[in-house]
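Here's the structure we're looking at; comments come further down.
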Amino acid sequence: MSPRRSRRGGLPQPQEERRRSGQTAAAPVPPRPAQPREEPAAVRHGRGVAFVVSSPSGGGKTTVVRALVDSMSGLRRSISVTTRMRRPGERSRVDYRFVSRPTFLRLREDGKLLEWAQVHRAEYGTLREPLLQALAAGTDVILSLDVQGARAVRRQLKDRAVLIFLLPPSLQALKARLVRRRTESPDAIAQRLSAAQKELRRLATYDYAVVNRRVEQAVEDVRAIVLAERLRLRSGADVFAATKKFSAAASANEPPQHRGRSTKHDDADSDGRAH
Ligand code: 5GP
Numbered sequence: 450m451s452p453r454r455s456r457r458g459g460l461p462q463p464q465e466e467r468r469r470s471g472q473t474a475a476a477p478v479p480p481r482p483a484q485p486r487e488e489p490a491a492v493r494h495g496r497g498v499a500f501v502v503s504s505p506s507g508g509g510k511t512t513v514v515r516a517l518v519d520s521m522s523g524l525r526r527s528i529s530v531t532t533r534m535r536r537p538g539e540r541s542r543v544d545y546r547f548v549s550r551p552t553f554l555r556l557r558e559d560g561k562l563l564e565w566a567q568v569h570r571a572e573y574g575t576l577r578e579p580l581l582q583a584l585a586a587g588t589d590v591i592l593s594l595d596v597q598g599a600r601a602v603r604r605q606l607k608d609r610a611v612l613i614f615l616l617p618p619s620l621q622a623l624k625a626r627l628v629r630r631r632t633e634s635p636d637a638i639a640q641r642l643s644a645a646q647k648e649l650r651r652l653a654t655y656d657y658a659v660v661n662r663r664v665e666q667a668v669e670d671v672r673a674i675v676l677a678e679r680l681r682l683r684s685g686a687d688v689f690a691a692t693k694k695f696s697a698a699a700s701a702n703e704p705p706q707h708r709g710r711s712t713k714h715d716d717a718d719s720d721g722r723a724h
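In my numbering, the protein residues as written are 450 to 724.
Have a look at this one:
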């Protein structure tokens, strides 16, 4: 919103009034951020972060993850391989890479999967190479995984993995969503609801919990997490990148001065999280 101008076309009205009455001008109110919003200038060095989103089936993670990836730069969606049947409207290589069971087993045996799990009687897995390559190139990747997959990613990527649990507002709301979706039989719905209750027991191992009452709000909440995590100092290299412009030593090309911090990612505790 631009401030209203006085009739003389001079200062904006409130400032002109203050000038007449001899008051000191207050600091100008900063304008609202223009759309699209500028994303923070992260100082982090090098590798990207793997954001793992888990939710019970029907919890809305596909919608939330899609909306987020479409509206944020530097964030890519990981496309899993699965042996489950393609649902109406799903596209191969966009939603999943749909493969036969023998193909899946071969990928697993050849070590091509960073993690894999059997969920609702089908196999799902994350291809190692595309994920590690994206992270190495500094791109953040968002993965929709079940709780077993989230645990495996945390184990392997340590503090480069951020785990987000997307919660349905209630079990009733979840059931209503699954019924509305019309992709599962009543038996499958009952199975998914009981799985949801088990999955919820893993919530304490996650970093963030977002309640998906309204998709738009859930997207904003997950966006806030991604932005905050981009600003997190994870390693000595991040600290060096953040301070080098201000440090005379750094401008003389001296090695990083960050005693007490590791340049590797070995400053994680036993559950893999850095503090
Ligand atoms: P759906 O069949 O409804 O698309 O997915 C079923 C469950 O499998 C969801 O909880 C989904 O997050 C999970 N899932 C999808 N891809 C993977 C994967 O690559 N690895 C693991 N561990 N779980 C996955």
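Backbone N, C-alpha and C fix where the C-beta goes; we use that ideal spot for every residue, glycine too.
The beta carbon of R672 is closer than 7 Å to those of L517 and M521 in its chain, skipping five residues each way along the sequence.
I613: member of the beta strand (DSSP E) spanning A610 to L616, first to last residue.
By the Cβ criterion, the region 581-600 is in contact with the region 520-539, since at least three pairs of Cβ atoms, one from each stretch, lie closer than 8 Å. At least one heavy atom of ligand 1 falls within 7 Å of the beta-carbon of Y573. Following the DSSP letters along the chain, one finds F500 inside the beta strand (DSSP E) bounded by residues A499 to S503. Judged by the Cβ position, S529 qualifies as a neighbour of ligand 1 at the 7 Å threshold, a heavy atom of the ligand being closer than this.
For S684, DSSP assigns no beta-bridge partner whatsoever. Taking a contact to require three or more Cβ pairs closer than 8 Å, the region 501-518 and the region 634-645 qualify as touching. Not one heavy atom of ligand 1 lies closer than 7 Å to the C-beta of S643.
Membership of D589 in the beta strand (DSSP E) is indicated by the continuous run D589 to S593. Rounded to the nearest angstrom, the gap between the Cα atoms of L562 and L584 is 16 Å. Residue state for S541 is assigned as strand, using DSSP reduced to three classes. Counting only residues of its own chain and dropping the five nearest sequence neighbours on each side, K647 has no CB closer than 6 Å to any other CB. When C-alpha distances from R663 are compared across T588, P551, Y657 and A622, the shortest belongs to A622. In the displayed model, A566 falls within a strand according to three-state DSSP.
A contact is defined here as three or more CB-CB pairs under 8 Å, and the region 545-555 fails this definition with respect to the region 604-624.
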